[in-house]
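In my numbering, the protein residues as written are 588 to 863.
Where a beta carbon is used, it is the ideal one built from N, C-alpha and C, also for glycine.
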């Protein structure tokens, strides 16, 4: 069983039951669970506060899959881009962006993307597959395992893929990120960026935590937006704006300025009217 695809609460329950069943005591399961996210280690053998025999039993019955860090590039402002390789050979990117005392991780939720936005390099790749929970949250985990560790204060789902089209995995990851027994990042420090995928917005709104939402608009009219973002034919602007109004939490509208395409005064006036 892959422990990193479970919520922290689920993983602790599984580990406590397992520890009890092998005579180690349920509390050993709680100790092991802390090493998944709160105090992560790279292998069961590294759980040095557990008896060696119990570590061996954990390794025989469970997995904690790793992502392979292939490359790291750093820009002059300290921003770092990491390329991770997954078990099936697919690659994803994670970016660490410093800003004063904050460090924001921009993480990926899919390999490739199906939405084919005209200005997006990931969309040109096409859709390859959804990421599992451990492949999404694992981007953060792997950076915490580096020496010295790199730990985020903020998370944005603005890397590869549309997170709300991978809701089953993202739903689990949000719990991993926010749980005190997980990574422990406050909900208001976690932002999901979407093209306006309405079923996902509704699912996110149904959660009690105050996660932030960012919606890619990029054009103030349906005609222009549909040429830039084909998804507009499925979810036109009026429905997206209505979903934002009903979200009842902070919403950010994202707008990429494209010279001669969506950056004229008429676009600015239409955008202002749309946002009112």
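Closest Cα partner of residue i within the set the options
{"i": "residue 645", "options": "608, 819, 696", "result": "608"}
{"i": "residue 835", "options": "793, 810, 850, 847", "result": "793"}
{"i": "residue 701", "options": "667, 752, 695, 860", "result": "752"}
{"i": "residue 590", "options": "813, 688, 647", "result": "647"}
{"i": "residue 568", "options": "710, 636, 737", "result": "This structure cannot settle anything about residue 568, because the visible part of the chain is limited to 588 through 863."}
{"i": "residue 797", "options": "817, 780, 776, 842", "result": "776"}
{"i": "residue 745", "options": "818, 780, 756, 852", "result": "780"}
{"i": "residue 863", "options": "680, 825, 843, 813", "result": "825"}
{"i": "residue 867", "options": "813, 858, 593, 615", "result": "In the structure displayed, the chain extends from 588 to 863; residue 867 sits before or after that span and is not available."}
{"i": "residue 799", "options": "774, 812, 820", "result": "774"}
{"i": "residue 837", "options": "812, 819, 778", "result": "778"}
{"i": "residue 840", "options": "852, 861, 820", "result": "861"}
{"i": "residue 795", "options": "813, 819, 758", "result": "758"}
Beta-ladder partner(s) of residue i, from DSSP
{"i": "residue 699", "result": "714"}
{"i": "residue 683", "result": "667, 692"}
{"i": "residue 659", "result": "669"}
{"i": "residue 589", "result": "650"}
{"i": "residue 840", "result": "802"}
{"i": "residue 678", "result": "672"}
Own chain partners of residue i with C-beta closer than 6 Å, once the 5 adjacent residues on each side are dropped
{"i": "residue 790", "result": "754"}
{"i": "residue 788", "result": "830"}
{"i": "residue 823", "result": "809"}
{"i": "residue 611", "result": "641"}
{"i": "residue 769", "result": "595, 624, 763"}
{"i": "residue 655", "result": "672"}
{"i": "residue 783", "result": "802, 822, 827"}
{"i": "residue 713", "result": "699"}
{"i": "residue 733", "result": "none"}
Cβ neighbours of residue i in the same chain (closer than 8 Å, five flanking residues each side left out)
{"i": "residue 815", "result": "704, 705, 706, 805, 806, 845, 848, 849"}
{"i": "residue 678", "result": "657, 670, 671, 672, 698"}
{"i": "residue 772", "result": "739, 740, 741, 742, 764, 765"}
{"i": "residue 634", "result": "618, 619, 622, 628, 642, 645"}
{"i": "residue 632", "result": "642, 646"}
Interface flag, residue i vs chain D, CB-CB below 8 Å
{"i": "residue 789", "result": "In summary, chain D is missing from the structure at hand, where a single protein chain is found."}
7 Å Cβ shell around residue i - same chain, five flanking residues per side excluded
{"i": "residue 676", "result": "none"}
{"i": "residue 674", "result": "652"}
{"i": "residue 710", "result": "700, 702, 703, 704"}
Start-end ranges of the alpha helix (DSSP H) lying completely within the segment 779-818, minimum 4 residues: 785-792, 809-815
Given 8 Å, three or more beta-carbon pairs between the segment 593-600 and the segment 619-639: yes
Stretch pair the segment 683-699 + the segment 717-724: three plus CB contacts closer than 8 Å: yes
Completely contained beta strand (DSSP E) runs for the segment 732-776, where each covers 3 or more residues: 741-744
Inside the segment 594-635 only - beta strand (DSSP E) runs reaching at least 3 residues: none
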